[in-house]
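What the sequence shown shows, in mature numbering (1 follows the signal peptide of the UniProt record, and there is no 0), is residues -18 to -1, 1 to 166, in sequence order.
In what follows, a single structure is set out as structure tokens and then discussed.
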Amino acid sequence: MKYPILALFITLSCLAHAQNLKQEFEQGIEAKGMPEAAITYLQSLEGTKKRLQYYREQDGERQSFEAKFKLNGEKYSVEFDQTGMLEDIEIIRTQKEMGATLTAVKNYLETSFERHRIEKIQAHYEPKTVFNTANPGIPDAWELIVATKNTENKLERFEMTFDADGNFLKSRKIVRRSYEFLLF
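In structure tokens:
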């Protein structure tokens, strides 16, 4: 190859760009399709889980498993790796439940985007945290889905992560799945 360093740079740039995209696809599965360790963990959570559903999730090259359910009136999403090890627990929250953290998040959004709307808020708990469903405590991070309009008035959606104090950590652009395979 005539320009090996240039080829390496282009390849690394493409890989870095791909990391900033969220191309998630969930497929519903039965409980028997979940790793045994994941089922055991879910059974260990106290309380009656309503509308328990299982999913196999593909995000780029990464595959994981997820359980979604309602517990104590709150919507949970519990994610596991392929072996059934807990990756994270997320609980859907409202802006009011974010408390003072919301101010820092809104300040970041207002300085970064001319127009934006928060569509979804999830309190994010890491597996190292001892998790109590009756009192989850302060989240390790906040994960938000934010719709924005750029300078060309084009709608874009991002998954943004903020720490417990509302400091920006990372962002991934959400790429909608192509529906070209559908025939009408």
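Glycine residues also receive a C-beta, built at the ideal position from the N, C-alpha and C atoms.
Note that the structure is predicted; figures quoted are calculated from it, not measured.
Express the C-alpha separation of E138 and E96 in angstroms, rounding to a whole number. For the purposes of this step, residue 96 is taken as the residue at position 114 of the sequence shown. For the purposes of this step, residue 138 is taken as the residue at position 156 of the sequence shown. Going by the C-alpha atoms only, they are around 12 angstroms apart.
Starting from K52, trace the beta strand (DSSP E) both ways and give me its first and last residue. Sequence index remark: in the sequence shown, residue 52 carries index 70 (1-based). Element bounds for K52: 44 to 53.
So, does the segment 74 to 90 touch the segment 33 to 46, judging by three or more C-beta pairs under 8 angstroms? no
Residues sharing a beta bridge with K32, DSSP: Residue mapping note: residue 32 aligns to position 50 of the sequence shown, counting from 1. Bridge partners of K32: K52.
What number of angstroms, rounded off, separates the C-alpha of F144 from the C-alpha of N117? On the sequence shown, residue 144 is found 162 positions in, with the first residue counted as 1. On the sequence shown, residue 117 is found 135 positions in, with the first residue counted as 1. Each residue's alpha carbon lies about 21 angstroms from the other.
L(-13) by DSSP, collapsed to three states: which one? What you label residue -13 is simply residue 6 of the sequence shown in a count that begins at 1. In this prediction, L(-13) has a pLDDT of 40, which is less than 50 and means its spatial position is unreliable; nothing more can be read from the coordinates.
Report yes or no: do the segment 97 to 105 and the segment 14 to 25 share at least 3 C-beta pairs separated by less than 8 angstroms? no
What first and last residue would you give for the beta strand (DSSP E) that runs through I21? As a first step, residue 21 is located in the sequence shown; it is residue number 39 there, counting from the start. Per DSSP, I21 belongs to no beta strand (DSSP E); it is in the alpha helix (DSSP H), 18 to 26.
Between the CA atoms of H98 and T130 - distance to the nearest angstrom: Here residue 130 refers to the residue found at position 148 of the sequence shown. Here residue 98 refers to the residue found at position 116 of the sequence shown. Near 4 angstroms, if we compare the C-alpha coordinates of H98 and T130.
Helix, strand or coil at G15 according to DSSP, with G and I counted as helix: Position 33 of the sequence shown holds residue 15. The answer is helix: DSSP assigns G15 an H, G or I state.
Which residue wins for smallest C-alpha separation from A123, given the options E56, S26, M80? Numbered from 1 along the sequence shown, position 141 holds the residue referred to as residue 123. Residue M80 is the option with its Cα nearest to A123.
Which class does A105 belong to by DSSP, given the choice of helix, strand or coil? Counting from 1 along the sequence shown, the entry for residue 105 is found at position 123. It is a strand residue.
Rounded to whole angstroms, how far is the Cβ of E108 from the Cβ of E125, which I believe are closer than 8 angstroms? As a working mapping, residue 108 is identified with position 126 in the sequence shown. As a working mapping, residue 125 is identified with position 143 in the sequence shown. At roughly 12 angstroms, the Cβ-Cβ gap does not stay under 8 angstroms, so E108 and E125 are not in contact.
Do you know whose CA, among L84, E69, E56, K57, lies nearest A146's CA? In the sequence shown, counting from the first residue as 1, residue 146 sits at position 164. Nearest C-alpha to A146: L84.
If you measure between the beta carbons of I73 and E48, is that distance less than 8 angstroms? Counted from its first residue, the sequence shown places residue 73 at position 91. Counted from its first residue, the sequence shown places residue 48 at position 66. Using a Cβ distance threshold of 8 angstroms, I73 and E48 do not count as a contacting pair.
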